[in-house]
Each structure stands twice: as C-alpha cells, then as structure tokens.
Amino acid sequence: MDFQLTAEQISIRDMVKDFARKEIEPHIMTYDEAKEFPTEIIKKLSELGLLGIIYPEEYGGSNMGYIEYALIIEELSAVDPSIGLIVAAHNSLGTLHIFSYGSEDQKQKFIPPLLKGDSLSAWALTEPNSGSDALALKTTAVKQGNYWILNGSKTFITNANFSDYHVIIARTDPEKGSRGISAFVVEKGTPGFKIGKNLNKLGMRASDTAELFFDNCKVPQENMLGKEGEGFHQSMSILDGGRVSIGAMCVGIARGAYENTLKYAQEREAFGKTISDFQATKFKLADMATEIDAARLLILRAAWMKDQNMDLNLESAMAKLYASEVAVRVANEAVQIYGGYGFIKEYPAEKFYRDAKMGTIGEGTSEILRLVIAREILQQSKTV
Ligand SMILES: Cc1cc2nc3c(=O)[nH]c(=O)nc-3n(C[C@H](O)[C@H](O)[C@H](O)COP(=O)(O)OP(=O)(O)OC[C@H]3O[C@@H](n4cnc5c(N)ncnc54)[C@H](O)[C@@H]3O)c2cc1C
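With this note's numbering applied, the sequence shown has no gaps in its numbers, which climb one by one up to 438 at the end.
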C-alpha cells in the first residue's frame with residue numbers, strides 16, 4: 055500500500071490549486087449572486103485539458119486516471135464547488151456514458167468536441183416524479199422506422215443549457231422493467247427537444263440546472279448508446295464512477311470551509327484570546343481536519359479501484375455518502391466558528407454551507423446510498 059502521490063500527481067494538483075486561487079477565487083461571489091454560468095473559466099479549464107481529464111489522447115483527452123481526477127475536482131471545489139460540479143458532471147456523467155457505451159462511430163462524432171470544450175455534456179436520468187426511484191421514469195421512446203420518438207421530461211439536469219449533447223435515459227419497452235430502458239444522445243436543436251431555464255437554487259448557483267422537455271422528439275437509431283434495453287444498467291455503472299467525483303467535490307467543499315475557518319479562528323479575538331485558543335474551537339477544528347482526511351482516503355480508494363476496473367458499487371457509495379455528510383458537518387461548524395460573520399456574504403463560510411447541501415442529494419441521496427451499502431454488505435455476508 056502506498057499513500058504517497060506521485061510527483062506528477064502533485065504537480066497537477068498544484069497547477070489546479072494555483073489556477074483556482076488566481077482565476078476563480080476573485081469571481082465566485084459575482085457568479086453566485088448573479089446565478090451566472092462561468093463561461094470564461096470553463097474555456098480556460100478546457101485549455102488546461104480539464105474537460106477531458108479521464109480520456110485517452112487519441113480523442114483529445116488528457117489521459118489521466120481517477121486519482122488525478124479526484125485531486126482536480128477537490129482543488130476546484132475547495133475554491134468554487136459550482137465549478138467542481140460542472141467539470142465533474144461533464145467528465146464522468148454525460149461524456150463517460152457516451153465513451154463507455156457508444157460505438158466507435160459515436161465516439162468519433164461526439165467525444166472530440168466534448169473534450170475540446172466546444173460543448174459540455176449533460177446526463178439526464180431524473181424526472182419530476184422519479185429521482186431516487188429511477189426505475190419509475192416515464193419518458194418514453196417509441197420506435198418508428200429508423201427513429202425513436204421521445205416524449206416526456208427530465209429535471210435537475212446539470213449543464214443543460216451549455217450542452218450540445220444530452221444523454222437521455224428513456225423507457226423503450228414498458229413491459230420489461232429495468233431491461234426496458236435505453237440511452238440516447240439527443241443533440242441540441244433536435245425538433246421537439248426544449249431546454250428550460252436555469253433553476254434558482256440554494257447553492258451551486260454558478261452551475262446550470264434545468265428541465266428538459268421532449269415532445270415527439272425524433273432521435274435517429276444511430277444515437278442509441280449500446281443495445282436497446284441496456285440503458286438502466288449502463289446508468290447504474292455510470293453513477294458508481296460519478297460518485298467518486300461528487301465525493302471529491304464534497305472533500306473540496308469541506309476543505310475550503312475548513313481552511314478559511316482555521317485562518318479566521320487564529321485572527322478573531324474574544325475574551326483577550328484568539329478563538330482558536332478555546333478548547334471548544336480546537337476540538338471543532340480537530341474533528342474537521344480528521345473527518346476531511348478520512349473522507350479523502352475513502353475517495354482515493356474508490357478512485358484507485360475505478361482505475362483498476364474493479365467493481366466499486368459499495369466503495370463509491372461509502373465514499374460519497376461519508377464525504378457529503380462530512381462536507382455538511384464541516385460547513386456547518388465553519389459558520390459556527392465565524393459567528394455572526396458566518397451569516398454574512400462578505401465571508402466565505404455561508405457559501406460553502408449552501409453549496410455543501412447538494413452533495414447529500416445529487417447522485418444518490420444519503421438515504422439511498424445507505425440502502426446501496428446495506429444491500430452490498432448483507433449480500434457479501436451471505437457469500438462469506
Ligand atoms: C444541483 C443538482 C444537480 C443535479 N444534477 C443531475 C443531473 O445532472 N442529472 C440527473 O439525472 N439528476 C440530477 N440531479 C437529481 C438528483 O440526482 C436527484 O435530486 C436525487 O436523485 C433525488 O431525487 P429527488 O429529488 O426526486 O428526491 P426523492 O427521490 O423524491 O427523495 C426525497 C426524499 O425521500 C428520500 N427517499 C426516497 N426514497 C427512499 C427510500 N427508499 N428510503 C428512504 N428514503 C427515501 C430521499 O432520500 C430524499 O430524502 C441533480 C440534483 C441537484 C439538486
């Protein structure tokens with residue numbers, strides 16, 4: 055077992071840290087308050103190769119593994135979690151679904167523009183009446199000659215308004231349950247496909263989250279990913295990898311909140327001492343640091359397993375569950391240590407507090423992840 059990062063991993067991490075501090079940090083509250091998508095930053099990230107982190111060079115990718123990917127998402131999120139979310143959803147949801155299950159022709163068509171930054175990708179499983187219960191999805195795709203006719207809607211879709219290529223999960227056979235669901239690439243501008251307005255969110259406000267509407271939307275057969283009926287199982291596997299990046303985002307949120315608080319606690323004075331001199335504050339800081347480290351280790355283990363092509367259903371669920379709950383706890387304590395200033399927008403704590411909550415909801419709520427973990431451990435205990 056080797057807990058050390060390679061020199062290359064350290065250099066990538068430090069490059070992203072430096073970029074985030076210089077290029078992102080000065081603008082975060084402007085984006086947040088205006089609910090503005092950070093187009094310029096995303097352009098610069100694409101120039102750094104961060105829209106194709108986990109993809110081979112032959113498609114225009116940066117050819118890195120999930121360890122590097124997790125480090126990058128943590129660094130971006132430690133400064134602005136919205137940007138971590140945009141990059142994570144692009145890399146390991148929409149783009150990865152096309153890359154993992156698309157034919158060579160589909161990959162040649164869709165992947166290079168996505169890695170170059172011509173467009174972001176979006177991935178749409180959730181519907182207004184089916185989130186955790188994804189199998190209850192109602193969007194239909196009915197075969198008509200060489201086309202599929204899509205009807206229905208999706209909601210909470212990250213990057214929706216900035217994506218030319220949407221991976222849509224739809225029901226192709228109502229009789230077949232999880233085997234009656236398929237995945238399609240729906241291109242922006244396809245007649246019958248509409249994208250709603252950016253939703254007005256509590257946190258992650260610089261990221262775009264919108265509804266999608268399909269009204270007799272005609273999608274060519276050649277845009278189906280993999281075989282008919284495979285879409286649900288493909289999606290569950292995509293979520294396993296996606297949870298590594300959302301977990302890394304949560305580690306970044308927790309670290310960003312903690313690092314600011316550590317500094318503040320050593321400057322703010324009360325009763326003739328800095329507040330870091332009080333044991334109550336020291337214990338909070340100690341718990342924050344310990345939990346962040348534990349969360350990162352879980353994420354890096356899941357990232358390593360993904361790089362080894364191992365089944366990571368259990369480990370990615372554990373890592374994302376723990377990291378997201380740590381982010382909420384740490385951001386909460388950060389506001390507490392900042393006192394009244396934790397409630398004020400001129401200080402960083404309140405934004406981490408708002409952004410952190412998304413982590414326990416997206417890509418599997420904490421409750422659903424506990425069900426996944428319990429199912430896996432009970433199953434494993436039967437095979438011992
Ligand atoms: C900012 C943001 C970005 C997102 N991006 C995307 C995206 O890009 N693509 C996409 O497809 N989706 C996306 N989502 C959707 C997200 O995955 C869902 O919100 C999530 O899966 C929960 O579904 P729901 O909102 O319908 O909640 P529900 O499923 O209605 O759950 C409501 C509550 O009930 C609980 N619950 C439900 N079932 C059970 C059960 N069996 N046992 C115990 N408790 C249960 C849940 O844990 C939750 O607390 C995003 C969401 C957000 C907030």
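Every residue gets a Cβ at the ideal spot worked out from N, C-alpha and C, and that includes glycine.
If only uninterrupted alpha helix (DSSP H) runs of at least 4 residues are considered, those enclosed by the stretch 59 to 116 are 61 to 73, 82 to 88, 93 to 101. Excluding residues up to 5 positions away in sequence, Val305, Ala308, Arg309, Tyr312, Val380, Val384 lie with their Cβ nearer than 7 Å to the Cβ of isoleucine 346 in the same chain. Here DSSP, grouped into helix, strand and coil, assigns glutamine 362 to coil. In the three-state reduction of the DSSP assignment, serine 236 falls in the strand class, which pools E and B. Distance between glycine 396 and asparagine 252, taken at the CA atoms: about 27 Å. In the structure shown, arginine 408 falls within a helical segment according to DSSP collapsed to helix, strand and coil. The residue among Met364, Asn205, Leu375, Ala388 with its C-alpha nearest the C-alpha of alanine 343 is Ala388. Per the Cβ contact rule, the stretch 172 to 190 is in contact with the stretch 135 to 147 (3 or more Cβ pairs under 8 Å). Residues of the same chain with a CB within less than 7 Å of the CB of serine 186, apart from the 5 flanking positions on each side, are Thr419, Ile422 in chain order. Relative to ligand 1, even the nearest heavy atom lies 6 Å or more away from the CB of tryptophan 202. Closer than 6 Å to some heavy atom of ligand 1: that describes the Cβ of threonine 212. Judged by their CB atoms, isoleucine 211 and leucine 279 are not nearer to each other than the 7 Å cut-off. The Cβ-Cβ distance between phenylalanine 238 and asparagine 277 falls below 7 Å. At a Cβ-Cβ threshold of 7 Å, tyrosine 123 and isoleucine 107 count as neighbours.
Ligand 1 has no heavy atom closer than 6 Å to the beta-carbon of threonine 414.
Taking non-hydrogen atoms of ligand 1 into account, the C-beta of serine 100 is found less than 6 Å away from none of them. In terms of Cβ geometry, threonine 180 and threonine 209 form a close pair [threshold 7 Å]. Excluding sequence positions up to five before and after tryptophan 202, its CB lies within less than 6 Å of the CB of Ala195, Val273, all in the same chain and listed in chain order. Annotation note: the stretch 330 to 354 contains no uninterrupted alpha helix (DSSP H) run of length 4 or greater.
Annotation: leucine 191 is outside any alpha helix (DSSP H) and is labelled neither H nor E by DSSP. Rounded to the nearest whole angstrom, the C-alpha separation of isoleucine 398 and alanine 357 is 36 Å. Between serine 157 and isoleucine 223, the gap from beta carbon to beta carbon reaches 7 Å or more. Membership of aspartate 218 in the beta strand (DSSP E) is indicated by the continuous run 217 to 225.
A buried status is given to arginine 297, since no fewer than 16 other beta-carbon atoms sit within 10 Å of its beta-carbon. Remark: C-beta atoms of isoleucine 391 and threonine 328 do not approach each other more closely than 7 Å. Unbroken alpha helix (DSSP H) stretches of 4 residues or longer found wholly inside the stretch 133 to 157: 135 to 143, 149 to 155, given in chain order. Per DSSP, the continuous beta strand (DSSP E) segment holding aspartate 269 begins and ends at 263 to 274. Proximity of the beta carbon of methionine 258 to ligand 1 is indicated: a heavy atom of the ligand is located closer than 6 Å. Relative to ligand 1, the beta carbon of leucine 375 is positioned no closer than 6 Å to any heavy atom. Around threonine 263, the same chain offers Phe210, Ile211, Thr212, Ala214, Asn252, Leu253, Lys255 as residues with beta carbons nearer than 8 Å, after the five sequence neighbours per side are excluded. Following the DSSP letters along the chain, one finds tyrosine 318 inside the alpha helix (DSSP H) bounded by residues 285 to 321.
Taking all protein chains shown into account, serine 435 has fewer than 16 neighbouring C-beta atoms within 10 Å of its C-beta and is therefore exposed.
Across the structure, arginine 408 and methionine 258 are spaced so that their CA atoms are roughly 8 Å apart.
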